[in-house]
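4 protein chains.
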Amino acid sequence: MNPLTDQFTRILEKSSIGDLEILTNYLTNFEKKQQGEFSTYLSAGLNMTRVTDKNASVVTIPNTPFIHNNVDIPHGGILAVLLDTAMGTLANSKCQPGFSAVTTNLTIHYLTVADEDKISAQASIIRNGRHTMVLEGNIFQQDGKHIATATGSFFIIPKKAEPVIALKQ
Amino acid sequence: MNPLTDQFTRILEKSSIGDLEILTNYLTNFEKKQQGEFSTYLSAGLNMTRVTDKNASVVTIPNTPFIHNNVDIPHGGILAVLLDTAMGTLANSKCQPGFSAVTTNLTIHYLTVADEDKISAQASIIRNGRHTMVLEGNIFQQDGKHIATATGSFFIIPKKAEPVIALKQ
Amino acid sequence: MNPLTDQFTRILEKSSIGDLEILTNYLTNFEKKQQGEFSTYLSAGLNMTRVTDKNASVVTIPNTPFIHNNVDIPHGGILAVLLDTAMGTLANSKCQPGFSAVTTNLTIHYLTVADEDKISAQASIIRNGRHTMVLEGNIFQQDGKHIATATGSFFIIPKKAEPVIALKQ
Amino acid sequence: MNPLTDQFTRILEKSSIGDLEILTNYLTNFEKKQQGEFSTYLSAGLNMTRVTDKNASVVTIPNTPFIHNNVDIPHGGILAVLLDTAMGTLANSKCQPGFSAVTTNLTIHYLTVADEDKISAQASIIRNGRHTMVLEGNIFQQDGKHIATATGSFFIIPKKAEPVIALKQ
Numbered sequence: 001m002n003p004l005t006d007q008f009t010r011i012l013e014k015s016s017i018g019d020l021e022i023l024t025n026y027l028t029n030f031e032k033k034q035q036g037e038f039s040t041y042l043s044a045g046l047n048m049t050r051v052t053d054k055n056a057s058v059v060t061i062p063n064t065p066f067i068h069n070n071v072d073i074p075h076g077g078i079l080a081v082l083l084d085t086a087m088g089t090l091a092n093s094k095c096q097p098g099f100s101a102v103t104t105n106l107t108i109h110y111l112t113v114a115d116e117d118k119i120s121a122q123a124s125i126i127r128n129g130r131h132t133m134v135l136e137g138n139i140f141q142q143d144g145k146h147i148a149t150a151t152g153s154f155f156i157i158p159k160k161a162e163p164v165i166a167l168k169q
Numbered sequence: 001m002n003p004l005t006d007q008f009t010r011i012l013e014k015s016s017i018g019d020l021e022i023l024t025n026y027l028t029n030f031e032k033k034q035q036g037e038f039s040t041y042l043s044a045g046l047n048m049t050r051v052t053d054k055n056a057s058v059v060t061i062p063n064t065p066f067i068h069n070n071v072d073i074p075h076g077g078i079l080a081v082l083l084d085t086a087m088g089t090l091a092n093s094k095c096q097p098g099f100s101a102v103t104t105n106l107t108i109h110y111l112t113v114a115d116e117d118k119i120s121a122q123a124s125i126i127r128n129g130r131h132t133m134v135l136e137g138n139i140f141q142q143d144g145k146h147i148a149t150a151t152g153s154f155f156i157i158p159k160k161a162e163p164v165i166a167l168k169q
Numbered sequence: 001m002n003p004l005t006d007q008f009t010r011i012l013e014k015s016s017i018g019d020l021e022i023l024t025n026y027l028t029n030f031e032k033k034q035q036g037e038f039s040t041y042l043s044a045g046l047n048m049t050r051v052t053d054k055n056a057s058v059v060t061i062p063n064t065p066f067i068h069n070n071v072d073i074p075h076g077g078i079l080a081v082l083l084d085t086a087m088g089t090l091a092n093s094k095c096q097p098g099f100s101a102v103t104t105n106l107t108i109h110y111l112t113v114a115d116e117d118k119i120s121a122q123a124s125i126i127r128n129g130r131h132t133m134v135l136e137g138n139i140f141q142q143d144g145k146h147i148a149t150a151t152g153s154f155f156i157i158p159k160k161a162e163p164v165i166a167l168k169q
Numbered sequence: 001m002n003p004l005t006d007q008f009t010r011i012l013e014k015s016s017i018g019d020l021e022i023l024t025n026y027l028t029n030f031e032k033k034q035q036g037e038f039s040t041y042l043s044a045g046l047n048m049t050r051v052t053d054k055n056a057s058v059v060t061i062p063n064t065p066f067i068h069n070n071v072d073i074p075h076g077g078i079l080a081v082l083l084d085t086a087m088g089t090l091a092n093s094k095c096q097p098g099f100s101a102v103t104t105n106l107t108i109h110y111l112t113v114a115d116e117d118k119i120s121a122q123a124s125i126i127r128n129g130r131h132t133m134v135l136e137g138n139i140f141q142q143d144g145k146h147i148a149t150a151t152g153s154f155f156i157i158p159k160k161a162e163p164v165i166a167l168k169q
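Residue numbers (UniProt numbering), protein chains in the order written: chain Y, 1 to 169; chain X, 1 to 169; chain V, 1 to 169; chain H, 1 to 169.
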């Protein structure tokens, strides 16, 4: 047997119900990534769905123990992932062909604890300039609670044939 | 055979070398969490190590494709996870017994792309007040490159016997 | 003759038309402060008017050379004065008797240059908590241009009988 | 007699000792501006001095009632004027000939109340890029108290022959 499968079996044997849920979700979304449903390991790991139209972008993840910090509430940094993704997706959708938008500044106010089953960040545009954009992002719950509010600055750069290497130099 | 093991085997068969590396790391750190080496699923998932002394806190993760966005560079939100964790860990270490520090505000300037094998955020205290704290966080590389700089405000609250439920209500 | 009047006469003699306008405005508003129309030297110096209702606060100043920087456009810091005043006025109007709100954090995105005769900042409340408040402030022109957007955190403290001395100690 | 002098005399007659001090300072610095010692009405009105070297810029104003808010402490917006001026002066000193730096983002944490005779903001550079700069600004007192900490983003633009009109369009 593959040593990975061996390790997996060992992990399963020691798994709590919570562990099993986390593992099941992880594998299910990992397989979906293999099938092309997610574009990155991170969006698969967070089970992230995105909806973008002309004026707004909404990014949603389930609120599971996978994203909790050590006082069992959603990690502020994961809310930052959501807000940055929602704003960045919308900013990029507004770029001319051959250009993309990179986050230069992100400011988040954390207002209260997210306690529903899903967490959804929505972005809208404050200023759409030629060189820079400013966007707003908010996390609201279904029950109306305002969880977090954010603003972000984006800088518009030409896409490179080899973007990563170009950016890294 | 357990349907999960079945699914796992199916995933392995379709895995690229990149997929296998991600899966191997994930399982290894998941098992370490079962053994008590990580306190949360998230810190295991990111393979996060923390070192805190009297004046500083350093949080480190490997720079792998698991944290990359769809232009193959570390997701800005994951850098926020690092910066918030470093600042929050230090802030909490300064609280009186029975109190904890929650992030109320986080501002990040992204300066350049992280391209080394590890990403390390270090936090220090700007102001240590009775009700609020202000901290600074920075991500520097070994080669001296300054990747990101952040400031955070923290509010000091009494710990509850049942913190999550109390906070959620 | 009073040496101040002497100095004033000397200044008048050397004044450009621009100087005379600045001086005339300054004296007019200084006299209004003596008559109780302004509460501070700063609000008189900036000729600041405020309107606050239940949900919003609007602060307006004329866009004169007095507030311009050395490239002849309104100084970003003066826009901060406006935004902070609008948000702080509204935050204070929401405090229970015996309490006041102090700014702990202010984030401003400057979007474009203000070029109308008046500059107006309006504030609204994002979160009204027991210990902290988060507000939003915006500067829009009559022609619809969005000049600046801001968020601010406020901390609610008991008013002291002698606030300044108490705060300073 | 000039109606302005008339008004000035009337104001003097009704002036408190505090009023007289404010007026005396105002006229003295206004006259210095006429003599070329200040470049703007605002820097004269605030009696602002600047020292800039290769790595830092320091901007200082006296802490007088002219800059106080209605609870008799320095207005947060005036601290923003100081911080923005210190950072902007340094940013501009780093620009290539023909270019200037404009503030796009300013984040300030207010830490405690300034209570010395002078208030001094010092700026340093965090990142000096081709298109954008990030700077840090701090207000410290002589007694060591940390009053405020700030970060600012600046965008580098070509200077126009007619900068204001160009920017306004």
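Don't be surprised by glycine CBs; every beta carbon is placed ideally from N, CA and C. Everything numeric in this text was worked out from a predicted model, so none of it was measured.
Within the 8 Å Cβ cut-off, does residue i reach chain X?
| i | result |
| --- | --- |
| Pro65(Y) | yes |
| Thr5(Y) | yes |
| Pro163(Y) | The pLDDT assigned to Pro163(Y) is 47, lower than 50, so where the model puts this residue is not dependable, and the model offers no usable value. |
| residue 171(Y) | Chain Y is shown only over 1 to 169; residue 171(Y) falls outside these bounds and no answer can be derived. |
| Asn2(Y) | yes |
| Thr60(Y) | no |
Under 8 Å, Cβ to Cβ, is there at least one residue of chain H near residue i?
| i | result |
| --- | --- |
| Asn154(Y) | In the sequence as presented, Asn is not what sits at residue 154(Y); that position holds Phe. Answer no: the Cβ-Cβ gap between Phe154(Y) and chain H never drops below 8 Å. |
| Thr52(V) | no |
| Thr149(X) | yes |
For residue i, which residues in chain B fall below 7 Å Cβ to Cβ?
| i | result |
| --- | --- |
| Lys14(Y) | In the structure shown, chain B does not exist; the protein chains are Y, X, V and H. |
If distances are taken between C-alpha atoms only, which option among the options comes closest to residue i?
| i | options | result |
| --- | --- | --- |
| Val51(V) | Leu79(V), Leu20(V), Ser93(V) and Asn128(V) | Ser93(V) |
| Ile156(H) | Asn128(H), Thr60(H), Asp143(H) and His75(H) | Asn128(H) |
| Ala44(H) | Thr60(H), Asp53(H) and Ala56(H) | Thr60(H) |
| Ala130(V) | Phe99(V), Glu13(V) and Gly18(V) | As written in the sequence, residue 130(V) is Arg, which differs from the Ala given in the question. Closest option to Arg130(V), Cα to Cα, is Phe99(V). |
| Leu42(H) | Lys54(H), Gly76(H), Asn29(H) and Ser153(H) | Asn29(H) |
| Pro158(V) | Asp19(V), Gly144(V), Asp115(V) and Ala101(V) | Ala101(V) |
| Lys160(H) | Thr40(V), Asp72(V) and Gln35(V) | Asp72(V) |
| Ser145(X) | Ala121(X), Ile17(X), Phe154(X) and Met133(X) | It should be noted that the sequence gives Lys, not Ser, for residue 145(X). Measuring from the Cα of Lys145(X), the nearest candidate turns out to be Ala121(X). |
| Asn55(X) | Leu79(X), Ile126(X), Thr9(X) and Gln141(X) | Ile126(X) |
| Met48(X) | Lys118(X), Phe8(X), Ala91(X) and Ser124(X) | Lys118(X) |
| Ala114(V) | Asp19(V), Ser124(V), Leu79(V) and Ile11(V) | Leu79(V) |
| Met133(V) | Asp143(V), Leu20(V) and Cys95(V) | Cys95(V) |
| Phe38(V) | Asn69(H), Leu20(H), Ser57(H) and Ser153(H) | Asn69(H) |
| Gln141(X) | Lys14(X), Leu46(X), Val58(X) and Leu20(X) | Val58(X) |
| Leu83(H) | Thr9(H), Ser153(H) and Phe8(H) | Ser153(H) |
| Lys33(Y) | Ala123(X), Gly76(X), Glu116(X) and Lys14(X) | Lys14(X) |
| Gln35(X) | Arg10(Y), Gly36(Y), Thr40(Y) and His75(Y) | Arg10(Y) |
Any C-beta of chain Y sitting closer than 8 Å to the C-beta of residue i?
| i | result |
| --- | --- |
| Glu21(X) | no |
| residue 182(X) | Because residue 182(X) is not part of the residues shown, which for chain X are 1 to 169, the question remains open. |
| Glu31(X) | yes |
| Val71(X) | yes |
| Ile157(X) | no |
The ligand GDP heavy atoms versus the CB of residue i: any closer than 7 Å?
| i | result |
| --- | --- |
| Phe154(X) | In the structure on display, the ligand GDP does not appear, and there are no ligands present to speak of. |
Is residue i close to chain V, meaning its C-beta is less than 8 Å from at least one C-beta of that chain?
| i | result |
| --- | --- |
| Thr49(H) | no |
ask   = Taking one C-beta from the stretch 58 to 78 of chain Y and one from the stretch 22 to 29 of chain Y each time, how about it: are there three or more such pairs within less than 8 Å?
value = yes
query = Listed in chain order, which residues of the UniProt domain "Thioesterase" (75 to 145) of chain Y have Cβ atoms closer than 7 Å to some Cβ of chain V?
reply = Thr107, His109, Leu111, Ile126, Arg127 and Val134
message = For the structure I just gave you, are there three or more beta carbon pairs, one from the stretch 77 to 90 of chain H and one from the stretch 131 to 139 of chain H, closer than 8 Å?
response = yes
Segments assigned alpha helix (DSSP H), at least 4 residues, entirely inside the stretch 27 to 105 of chain Y = 41 to 45 and 76 to 94
inquiry  = So, does the stretch 101 to 113 of chain X touch the stretch 99 to 115 of chain Y, judging by three or more C-beta pairs under 8 Å?
reply    = yes
ask   = Do three or more CB pairs link the stretch 142 to 161 of chain X to the stretch 4 to 23 of chain V at distances below 8 Å?
value = no
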